[in-house]
Structures are given as C-alpha cells and as structure tokens.
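Worksheet for the structure shown next.
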Amino acid sequence: MSVDAYGPSSQGTLTFFDNIADDIHADTQNDDYQFTDFSMPEASQPTATSTKLETRKSTQPPQNVQVNGIVSASALDLKISGAAQSLADLQFEEEEEEAFYNNKDLPDHACKYCGIHEASCVVMFVEIHLDHIVNHLVRAKHKEVTLHRLGPLGETVLECYVCATRNVFVLGYIPAKTESVVILLCRQPCAAQTNLKDMNWDQNQWKPLIQDRGFVKWLVKIPTDQEQLRARQITAMQINKLEELWRDNIDATFQDLEKPGVDEEPQNVLLRYEDAYQYQNIFGPLNPKPQENIEVRWDVGLNKKSIAYFVLAKTDGDMKLMHGDELRLRYLGEMHKPWNGVGHVIKIPDNYGEEVGIELKTSSGAPTDCTSNFVVDFIWKSTSFDRMQQALRKFAVDDSAVSAYIYHRLLGHEIEDAVYRVSHPKHYSAPNLPDLNRSQVYAVKQTLQRPLVLIQGPPGTGKTVTSATIVYQLVKQNNGGAVLVCAPSNTAVDQLTEKIHKTNLKVVRLCAKSREAIDSPVSFLALHNQIKNMETNSELIKLQQLKDETGELSSVDEKRYRLLKKAAEKELLDAADVICCTCVGAGDPRLQRIKFNSILIDESMQATEPECMVPVVLGAKQLILVGDHCQLGPVVMCKKAARAGLSQSLFERLVVLGIRPFRLEVQYRMHPVLSKFPSNFFYEGSLQNGVCADERKLPKMDFPWPQKDKPMLFYVTQGQEEIAGSGTSYLNRTEAANVEKLATKFLRSGIKPDQIGVVTPYEGQRAYLVQYMQYHGPLHSQQYQEIEVASVDAFQGREKDIIIMSCVRSNEHQGIGFLNDPRRLNVALTRAKYGIIIVGNPRVLSKQPLWNHLLCFYKEQKVLVEGPFNNLKESMIQFSKPKKIINSANPGSHFMVTTTYDAREAMIPGSVYDRSGAQMNGQVPNHFYPRNLPMDPFARNHDTISYISPERAQAAMSNVPVPVGMFMNMTHVPPRFFNQHQQAVQARQSQTTKRRGNTRGFFTSGQSQPSGQLSQPY
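Shown next, in the form of structure tokens:
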C-alpha cells in the first residue's frame, strides 16, 4: 500500500490503551532524546536515507485558533454587535470539539483503535494499514513500519544501516561520536560487530527503538493530553476483539464490536456436573499460515528416503514443532515443474542449528536439484481432537465406559469413599527397583484398595519409581488383566516404560504410526519393533523386508501383509501385562476392543481434562492419577479455551472437590539447602531430604560460592529488558552476558557442559542466550552448544547438576509478567541437584510478594551478591519485610488456591443446565449418538487463529490449588490408621445402593454396599 494513503496531516495524536499486564502495550515513552534535535540526512547520503537522522532546528509558523469556522473572540464580538438576531441563532461548537472522533470524519491514516491522526504520532505498517503501533505490531505479527510522509522525519522506512533488516523489534540506535546523527543498527549481528569502533560508533551505547513498550519519543511523539481526551476510549478487551475481527475481515471497524455474537465466549468449565451430557456439552467446544520463500537443503537418509532441511521464521510459539509432526513441502515451479510432498519432522531447532528436517514419505518427483522457491504448510491433524471428542461422547452414552463410582466421582457428585477388600503383599517394593520409603509404601498400599487415587509427587520424590511399583503390584493382583499406563508426553511415557520393564513384566509400548521411525530408549519395546522380532511369523518378516527394500508391495501382497500384521499386533497386545502409550494414543483403534480395569496416568497435571478422558473411558474401574498441582499445568494455546477453564487439569479439579492426594514426602534430588525454600513455601514444610549435603558436593567443582556450605546465590544484575525480535517475548542482554560468564566459570572449574542447564521463562532470552554464548564465549563453541538452554516449562520433569536461571524482567512500570506464577518459580527452583544461581534485578522482582519472600530468604542466607565473579560481595540492598500472601480471589484459602466455578446451582430445575425442558424430555439428545457423527455440533473445527505462546497461556498467580488440609501427610499417619479408617467407613455405610439415571450406580453420603466394602472388581 502506498504511503500516500495516509492523506494530509492533521492535528491528531496517538495514545495507547491496554491494561492487560501480559500483553505488549505502550502507555509511557522514554525521553532519551528530544525530537527537535534530529532530522533526515541530506540528499548526498542516499544509502542512509532511512537510517541516519541528522540534527536541525526547525520553526513552525503560529497557527490560527480556528475550528470549523469559529473565529477569534474579538471578531465574534463585532458580529454580535452588528447582527440583528437572537443568541439562539449562534452556533457554539465547543462540545463538538471535545467529542470523540467519528470514523466518517477521520483521514485514512487515523489510528484504527482510538482515531488519533497526528502525522508525528502514527506509523504505517508495511503489510497492512493499521495503527496503534506496538500493540498492533504484536497482535498482528507485523514487524516493519514506515513513518508518515508529513511527519517531522518524513517518509522514513526504519531499517538497519548495515544489513537493511526492517524488524523494528531488533532495531536500535547508536549516536555517532563525531556527527550529530544516530545510526540505526539491528541487535544481532550488526550492533555486536567489533569493527564498529573503526567507524566512530560506540556499540556500548546501542539502545532499542522500542523502550518500555513504546517507540522512543524522538521517533514517535506522545499524544497531548487534549488529544488523549478526544480520542476514542477503547478498552483492552475491545482491542483484543477488534484484532480477532481483523484476522477474518480487514475492513472491520469499531462499530462491528457491537454486533451480536462478536463477544461470544465458550461456557466456563465447572467444578461439579449434573451428568455426563452436561460434561460433554461444556468440554466439547473447547477443544496457521504457510511460510513462503523457503530455501531447502537436500540429503538422503540411511533408509534411502529424501530429507529436506530448511529454516522456518520464528514466531515465538504459534506452532511448536515436535518430532513426528507432518509438514507439506511445495515447490512453486521455476526450474522444475510444480511439486508437493508430505513428510514427518525428524529434526527440530536446537543449539547446533535452527534447521528443521523432514523425511519425505515418497521421493517420487521431488525437485532435489532445486534449493529455493519452496513453501512449507503446517498440516493440522485432527486425530487428537477427534479422539478427545469421541471420549467425551463415550463417557456420556456408554455405561461400560467407566465404573459407576468413577463416573460420579468425576462429575463431582458427593458419594461415599469406596475401599476394596484386597490381600496385601508382604513386600511392596518391585524387583530391580529401589526400595520404597514410608510415604511411598503408604501411597502404594492405599492405591491397591481404592478405585480412585491421586498421588502428589513433589520434585525429586520418586514419582516414576512409585508409579512403576504400583503397576507391578496391580499386575500381580489382576490375574491376567493388562494395566494401561499413560502420560501426556512421549518422553514421560518412555521414562515410565523403562522403569516398568525393569520389573520383568511384559511391556508393550504403543507408538503413533508417525513416530515409529523415531528412536527412543525403549524402541525395542515398541509394538512395531516387537512384531519384527517375532520368530513365529516368517511370512510377515519376508513381506516387511520386501516392503523396506522396494518401498511398496503389490496389491495382493499388501493385503496379505496388513492381515498378518494385524494378527501379530493382536497377539502381542493380548499377551502384554502392561501397555504404555500417550493419553491421546489410548484412542488408537487397536486398543478399543480391550477393557482395562486399572489405568494409571502419570504427569496428569500436564494434561487437559478431555485428554485424560481418552484412556479413562476404556473401561476404568480403578483410576490412578499421578502429578503435582504445585507445578505447571497443561498448555492451552487457544485464549478463549484457556479463559473458559480448559487449562485446569482433572487432577486439579478433583483436589478442589475434596479428594485428598497422597503426598510423597522424601526428595532425593536437591542439596538439602536448595530444598528448604520450596518445601516451606510450596509444600507446607512437609518435604524431607533423602540425601545429605556430602552426597551433593561435586568433587571437581571449584566455584566461589559466597557460603561454602550453601551452593546457591542470587546475582544482582541491573540490565534493562528489551522486546525480542518476535515482538511477543523479552530478552535481557546484560543478564545474558552474566550467564555466559557464569557458564564459562563452571566449565573452567571442571564441570562438563551436559551437567549445566540454563533456564529462562522467555523464548526470546533462550534464543539470544544460545547465540550469545556461542559467539562471545571465550571457550570453544562446541562446549556452549552442549549446554542445554531451555524454558522453565521445557525443564519440568527434568534435572541438572547445575542450574543457572535468567529472570529477564527489569523495568520501571511493566511488572514481571508470568514470573508471578508460583508454579513456574517452583519448577525453576527445583531442577538443580548440586547448585543453583539466579540472575536478575532484585529491585524489580521484590515488588511482587512471592519473589520478596525468596529474595529475603537468599539475603538471610547471605547469598544475595553483586560485583565481579572473582570478588563477589554481599549486596546491601534492603527489602521490605515479607508479608503473608493473601488470596484475594478466595479469602481464607491458601494463597495458591485457584478460583474454580462450582455447578451446584446447575443441578436444580430451572438452572443454566435444566434437562427437564421439552427440548430433551429427559431423553438422550439425538446428536450424542454415533450415528449422527457428521452432524455432531461439538466436533467443531479447531481454532487455528487464537494461538498464543505457551509461555503466555496462563500468567495469573492464583493458578495452583493447594487447599489447606487437603493432603494426607504420610509421615504422621498412625500405624493403625488403615484399620481405624475401615471401621469408620463401615459405621457410615448403612443404606443400600441406589441407581440413578442411565443405569449408573450412584452413591450419596451415607449410602454404600451393605458389606461396608467393595469387593475387588476383577
């Protein structure tokens, strides 16, 4: 679009309105340079027309105070004295002058948010003509801007003076030493080049163009108070909705927000549900652009298949690639006829390079001699979504999907606890696994005799060993029935599979077909690999070898191959003691014929509730959920779904409902001093140390810890945060430099690179750290490549000997974002085994109560330090006295209790979910039946628009429910607690079982089976 579209200049101004702390907004601007000190360069400098801004003094003629024909007061007096008309004939237009801007009267270049149109306060976006600068840049993913042609700096395209990059989020300026000009340079690599000194530019003075979430004042003026009063008063919520409208309709206006249906939000999830139909009705609805001009590098794999390598532009989270994902690669045609092919991802960006690698399913016709003019399309697979919808539907209509007890418990109905009558083993530990401690034994014992169990495993307490032991004991009691073991991620499934295999059980790892080519530590247990090793089926082996060699089989052989493979899969699955897969993988058609009495879901806090339901509906009579609701929960990319409550896990909701988790209480990971704060602050002081200080000393490490017996420190850093190149994340160059120095010092002291982990909450800082350490570190770049740099979220469930944490946030007005989240802080503090270093700005962080407690703890331990690393000194900074953190959302509750919607009012006639109306007549709605699947109103298309970065999915502090008194502290359980509990249960059980609705058994308070116990349902 031409810049002429801006139209003539007028006396409007630009303001910013965005009160959402987690979004980029600009309400203040730094005053580093006065705008009148800079101008455009002379015509003799054509190569720098957009990057060198030369100083000048300019004057403007006084303007007449005249609005819409109203002249000065003296002229008006003459008209009054000479006119023969009444005062009623006079037209006073002061109210119109103060009124909000009207879209019909605004020039084309006016801000689409607020209507301000002053040329010096607006910019044009290269891709689309929409204004409100930083806020819109972030939301619309635009990075290039042009100043208005009638503005003080003229029609200026902001770009790097050296490499001409136009991403304003990486651009900054350096004042020249000998000239009255500033030079625009990108952050990396141009501003970091050493040859800048030869050009009289001081690279240490480089500052970003966007500071404090706004352009610097000399580049884009701040609106006057008068213009801000006249501007359209648009709210942050209206801005969000307007941006969503623009994605579908570029001509949408502010008035379109008033149309019905624009602000439609999905219904919030509830704490309790009347029945499974309401459950499906709420969870059902909750469930990208191609990249062009891609350059491809071709290679051939060991299996003779073509592999394409390319680099994708970073978008900070819209599409997180994983191994096994499918991409479509298209060649548009130039030196070769147009072509397209599909492949699965075999390589993702890492410290060694940013390339993505895909292995093509077929190399036929691939233009391997071409390297440019390619397009990459993301293929969204509906498999996961469809399986979750199918599970919700099955939960509603199939009585055999789950037992009656679990059915009512999951819906939140108040029923009596049930206990199985079982014979307990003499020893609870499993073969080839470590012996269990007291809290682990108690958790295993309670699991064997209960149909629904929650096990809370704080960091390093042996969740995996405990889970594997539970599975072993369940198999021994099941008398032949297989146990289904699931987790939301393949990594978690592989780790648990490996532990279970050590107990000598027959384990089958079921993988998605797209991941069968990906190697893992338990690949030999995968179903497809076990089939290859079956000695009883020589015909299948021969057909498989023929297919691998030729790539395809004849139609007859292919039919025979599939028949034999299906029979072999059935044989292996039927013979297995344990079947392991992801939660979504449990929806595989090969498992649908099997009924699993016992189902264990590990890391259940990281799975959404519909995701957990996929394995649950496979006949669960006993359900074990293992997780920790004091750590990070599931990542939900859709904002609307997250706001509606999809980010609350099933584990979390059941805790709030009053089901008490059995907590593992002995941690074996951290140095005792490292576990002190997390134990006291997040786990009510219940964590005990299973390792002593001497066991957590690295003999070869020579690091100057401030306190020799306390391997931790907080290093005070005052650097300012900057917006990352994506516009949706942050980085801090000063902290990155200090992290590199710390990593180098550890490497020189004898620590291996793979022993060090660098964690940061922001993707922008992660990417900058990887690049900075490799290019600026004094040691060989290979050593820095082997240091794992990842987000806090990615490190959950992991550990390293040494952890270095970069906090990033350092500003005056914008707060600390999702560093507020106590779960994220808990994860970050509990990854280290031998030592942890936190790098951050304590003055900014201490404004938040949670961090104030942590900083005061570090200061009490005398490990809050500053200065050079070879001469660290205790910082003299003072903090306010820590105050008790109060939950304003739930007064009286623990500070981490989340707000959860209760549905008690929805269970009575006339409520929001009244099933007594004529529409349903107490019958099952037709659209719940499988025969109407094509018309299923809940199988809606996935929302591919409302993606947000995983790190921005949940930023609120009150996201972790830890209700006081909701736990069973195993170390304080009396030895005879079990028998006492049994007697109490029998005393309460005096009424017979009632059936409710759909033949489901329903146990209310005071109702149970006459025997007082449930016999084992196997």
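Okay, so the sequence shown: first residue is 1 according to UniProt numbering, each after it adds one. Built from N, CA and C at the ideal position, the CB exists for glycine as well.
Considering only residues of the same chain and omitting the five flanking positions on each side of residue i, which have a CB-CB separation below 8 Å?
i	result
Thr464	Gln495, Leu496, Lys499, Asp602
Glu155	Val3, Thr146, Leu147, His148, Arg149
Lys873	Val865, Glu866, Gly867
Cys583	Cys486, Ala487, Pro488, Ile601, Ala607, Glu611, Cys612, Val614, Pro615
Pro431	Tyr472, Lys502, Thr503, Asn504
Drop a sphere of 10 angstroms on the beta-carbon of residue i, count the other beta-carbons inside from all chains shown, and report buried for 16 or more, exposed for fewer.
i	result
Thr362	exposed
Lys800	buried
Arg733	buried
Ser791	buried
Ser400	exposed
Met876	exposed
Gln592	exposed
Asp325	buried
Lys833	buried
Ser679	buried
Glu334	exposed
Asn738	buried
Ser806	buried
Thr165	buried
His136	buried
Looking at residue i: is its Cβ nearer than 9 Å to the Cβ of residue j?
i	j	result
Met388	Gly151	no
Cys581	Val493	yes
Gln755	Ile804	no
Thr830	Pro778	no
Leu632	Val827	yes
Ser382	Pro488	no
Lys305	Glu359	yes
Arg653	Val269	yes
Asp793	Val635	yes
Asp557	Leu540	no
Ser439	Leu625	no
Pro349	Val356	yes
Arg330	Ile379	no
Asn537	Ala568	yes
Ile210	Val168	yes
Cys186	Gly172	yes
For residue i, which residues does DSSP report across the bridge?
i	result
Val758	Val789, Ile804
Met670	Partner(s): none; Met670 has no beta bridge.
Ile836	Met712, Ile803
Val375	Arg330
Val578	Val483, Val507
Ile601	Cys486, Leu625
Leu632	DSSP output for Leu632 lists no bridge partner at all.
Arg187	The partner list for Arg187 (beta bridge, DSSP) is empty, contrary to what the question assumes.
residue 1021	Within the shown structure, residues of the chain are numbered from 1 to 1018, placing residue 1021 beyond reach of any answer.
Phe310	Val356
Phe215	Ile210
Ile174	Ile183
Counting only the same chain and skipping the five closest in sequence on each side, list residues whose C-beta sits under 6 Å from that of residue i.
i	result
Asp369	none
Ser749	Met701, Asp702, Phe703
residue 1053	Beyond the ends of the chain as shown, which are 1 and 1018, falls residue 1053; an answer cannot be given.
Phe662	Ala443, Gln446, Ile455, Met968
Phe795	Val759, Arg831
Lys347	Gly357
Residues in its own chain within less than 7 Å of residue i by CB, not counting five upstream and five downstream?
i	result
Val808	Glu721, Tyr730, Leu731, Asn732, Glu735, Thr760, Pro761, Tyr762, Gln765
Glu740	Tyr772, Met773, His776, Gly777
Ser675	Gln667, Leu687, Asn689
Gly719	Asn732, Arg733, Thr734, Glu735, Ser810
Determine, for residue i, whether the minimum Cβ-Cβ distance to residues of chain D falls below 9 Å.
i	result
Glu866	As a matter of chain content, chain D is missing from the structure shown, which is built from one protein chain.
ask   = Any chance the stretch 665 to 681 sits against the stretch 444 to 453, with 3 or more Cβ pairs inside 8 Å?
value = Taking 8 Å as the limit for Cβ pairs, the verdict is that the stretch 444 to 453 does not touch the stretch 665 to 681.
query = Does the stretch 635 to 646 come close enough to the stretch 674 to 685 to have 3 or more Cβ pairs within less than 8 Å?
reply = Taking 8 Å as the limit for Cβ pairs, the verdict is that the stretch 674 to 685 does not touch the stretch 635 to 646.
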